[in-house]
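This report refers to the structure that appears directly beneath it.
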């Protein structure tokens with residue numbers, strides 16, 4: 002049964018149970034007692050039947066849950082004519098399952114919105130024209146047009162003079178790379194430059210991206226299922242309930258006392274309080290831009306002991322930024338940036354676009370470039386305000402102004418340098434790198450305080466780049482140059498230290514996200530594959546939302562546990578009172594209702610959780626409705 006069918010079934014069961022209870026009460030107070038009994042019976046039977054089926058399925062999987070107690074109480078109440086009590090239990094049970102399902106359904110709907118933007122087709126050259134084809138229809142030898150911003154759909158060879166591709170989602174390398182004609186391009190990389198042609202060498206199902214998807218599926222299949230919080234209390238509570246009910250019947254000979262015990266024992270504090278607290282936690286987390294795909298992942302987040310972070314696009318911004326401007330002839334830094342950005346307006350290269358963005362962030366006015374000539378992969382030449390300007394790689398610019406390349410300070414690992422010349426003279430250099438995200442250090446410190454014992458970096462990038470970027474963060478380890486399957490192995494290895502959370506954004510992170518106890522994807526700009534494989538999606542481009550997400554999870558779980566302990570304690574007292582004959586089944590059901598209200602009100606406190614250091618919620622990303 003798919004998710005939509007399950008949603009409809011649980012909604013239908015709640016409606017039937019409510020209709021039976023309300024209709025029966027109406028008939029009862031109008032004096033039509035026999036018809037009231039029938040209405041209550043009719044409202045209980047479908048819920049009980051569905052519950053029995055679910056119990057059989059759970060037992061076949063080797064799982065024992067609190068559902069058995071609910072089934073016993075409804076069955077006993079019907080057997081001995083206490084149909085009103087059975088109807089109340091049916092409403093409580095179906096209401097609890099509906100709440101759990103509602104939370105998971107909401108998460109699924111938001112994920113569908115997120116993933117609906119993923120292209121499922123490619124543009125193929127055919128008979129002198131272009132046609133849109135499904136990915137599965139692409140065959141080796143097909144010539145494809147890869148537009149700027151397109152994801153390479155299949156493995157292939159570059160059929161144009163050159164291409165600039167962003168492989169960060171696959172390799173972790175933060176800056177785009179140039180591929181010349183005949184070079185191999187991997188599916189899952191993104192065209193970061195002008196449009197180019199690709200000759201397919203593999204079908205979509207055999208390409209790099211498909212291989213990573215298979216890794217994801219394998220990781221998900223091998224992942225141990227998480228038990229519901231309520232189910233971890235089930236065996237003990239079941240034993241206590243059966244013992245008290247049996248003792249009441251054995252010593253008094255009155256089966257109604259056993260029924261009353263079972264009705265009072267119906268684990269509504271567990272069935273209701275836990276999902277209410279967790280659903281409230283899910284809602285609160287989403288309020289701050291953290292989409293958790295259900296109550297089970299939220300529970301797991303509360304118990305995380307090890308955090309593994311990807312680098313590019315996760316711990317770092319994933320986009321080159323200017324870190325310094327070095328002047329060579331006394332020209333001011335803003336003037337150097339202004340000339341470079343003005344000319345780079347004519348280029349689509351990601352580094353050029355980053356320079357333009359930096360100039361606009363500084364409020365610089367950029368004139369329109371004139372007589373522009375771009376040498377792909379090298380640089381740009383043109384005129385700004387009547388002055389010749391050259392922007393590009395150091396060798397490219399140095400060769401045109403009569404200087405030796407390398408006349409500049411040594412670059413740090415992972416940095417790139419853009420040279421700027423004005424009127425035949427070297428004006429300076431723009432040094433660019435992929436810096437840490439704002440608030441990364443504070444986030445890691447907050448996670449330490451919340452009980453995360455180990456924090457590791459896992460990246461496909463070079464070790465020297467990873468070490469430079471994370472210097473001073475106090476990480477417990479750096480694992481560099483990792484392939485997707487090696488990231489999975491790291492996650493599995495770290496399980497020995499407790500529950501593991503993996504955070505990533507690229508296609509190469511998806512298998513590790515699926516293998517972790519909790520996988521967290523950067524959904525705002527990350528790859529769709531990682532968002533689909535993850536248990537948690539950050540809807541805002543802020544990795545520092547992990548800390549408040551974990552805090553919300555921990556506090557929601559604590560509130561749920563408080564509600565459970567209080568509710569079960571009161572239920573046990575009620576069971577003892579019923580065993581001694583002080584409560585009838587209907588009175589027991591009403592007492593249980595009062596207990597339910599109390600624990601639900603306590604569980605709703607999760608809606609007021611305010612993570613430390615956060616004042617403004619962030620709930621939307623472009624293209625996703627709030």
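Residue numbers (my numbering): 2 to 627. Glycine residues also receive a C-beta, built at the ideal position from the N, C-alpha and C atoms.
So, at 6 angstroms on beta carbons, what are the nonlocal neighbours of residue i in its own chain, with the 5 sequence-adjacent residues on each side left out?
i: residue 164; result: 180, 197
i: residue 536; result: 294, 298, 519, 520
i: residue 43; result: 21
i: residue 18; result: 44, 48, 91, 92, 95
i: residue 391; result: 382, 398, 401, 422
i: residue 606; result: 560
i: residue 555; result: 303
Out of the options, which has the shortest C-alpha to C-alpha gap to residue i?
i: residue 299; options: 557, 25, 28; result: 557
i: residue 394; options: 600, 238, 56, 352; result: 352
i: residue 549; options: 383, 450, 605; result: 450
i: residue 418; options: 327, 250, 360, 96; result: 327
i: residue 562; options: 278, 189, 33; result: 278
i: residue 264; options: 280, 496, 284, 243; result: 243
i: residue 581; options: 252, 36, 206, 147; result: 252
i: residue 611; options: 127, 289, 464; result: 289
i: residue 613; options: 443, 18, 237, 503; result: 443
i: residue 37; options: 57, 86, 398; result: 86
i: residue 481; options: 475, 466, 472; result: 466
i: residue 322; options: 303, 359, 73; result: 359
i: residue 314; options: 24, 437, 331; result: 437
i: residue 204; options: 579, 384, 162, 155; result: 155
i: residue 310; options: 141, 504, 461; result: 504
i: residue 136; options: 208, 440, 73, 185; result: 208
i: residue 551; options: 461, 511, 452, 494; result: 452
i: residue 14; options: 448, 250, 52; result: 52
i: residue 425; options: 416, 35, 404; result: 404
i: residue 354; options: 63, 447, 121, 433; result: 433
Residues in its own chain within less than 7 angstroms of residue i by CB, not counting five upstream and five downstream?
i: residue 350; result: 165, 194
i: residue 301; result: 227, 500, 518, 519
i: residue 318; result: 435, 436, 438
i: residue 546; result: 289, 290, 291, 539
i: residue 329; result: 427, 428, 429
i: residue 75; result: 45, 49, 87, 90, 91
i: residue 98; result: 11
Which value, in whole angstroms, describes the spacing of the CA atoms of residue i and residue j?
i: residue 369; j: residue 343; result: 7 angstroms
i: residue 61; j: residue 69; result: 14 angstroms
i: residue 345; j: residue 470; result: 27 angstroms
i: residue 402; j: residue 320; result: 30 angstroms
i: residue 591; j: residue 585; result: 10 angstroms
i: residue 29; j: residue 498; result: 59 angstroms
i: residue 71; j: residue 282; result: 25 angstroms
i: residue 569; j: residue 475; result: 43 angstroms
i: residue 427; j: residue 331; result: 10 angstroms
i: residue 603; j: residue 246; result: 28 angstroms
i: residue 486; j: residue 509; result: 9 angstroms
i: residue 159; j: residue 201; result: 9 angstroms
i: residue 250; j: residue 261; result: 10 angstroms
Classify residue i as helix, strand or coil using the three-state DSSP reduction.
i: residue 93; result: helix
i: residue 560; result: helix
i: residue 58; result: helix
i: residue 426; result: strand
i: residue 317; result: strand
i: residue 325; result: strand
i: residue 189; result: coil
i: residue 389; result: strand
i: residue 502; result: strand
i: residue 247; result: helix
i: residue 116; result: Per-residue confidence for residue 116 stands at a pLDDT of 46, beneath the threshold of 50, marking its modelled position as unreliable; the derived number appears in the next sentence. Helix, per DSSP.
i: residue 613; result: coil
i: residue 551; result: helix
i: residue 257; result: helix
i: residue 126; result: strand
i: residue 181; result: strand
Considering only residues of the same chain and omitting the five flanking positions on each side of residue i, which have a CB-CB separation below 8 angstroms?
i: residue 357; result: 342, 345, 346, 367
i: residue 153; result: 147, 166, 186, 187, 188, 189, 190, 191, 192, 199
i: residue 306; result: 452, 453, 454, 455, 498, 499, 500, 501
i: residue 41; result: 21, 22, 25, 84, 85, 87, 88
i: residue 416; result: 324, 432, 433, 434
How about residue i: is its Cβ closer than 7 angstroms to a heavy atom in the ligand ADP?
i: residue 275; result: Here there are no bound small molecules, and the ligand ADP is not part of this structure.
Check whether chain B comes within 8 angstroms of residue i, counting only Cβ atoms and requiring the distance to be less than that.
i: residue 30; result: Absent from the structure: chain B. Only one protein chain is present.
### Message
With three or more C-beta pairs closer than 8 angstroms as the rule, is the segment 331-342 touching the segment 588-606?
### Response
no
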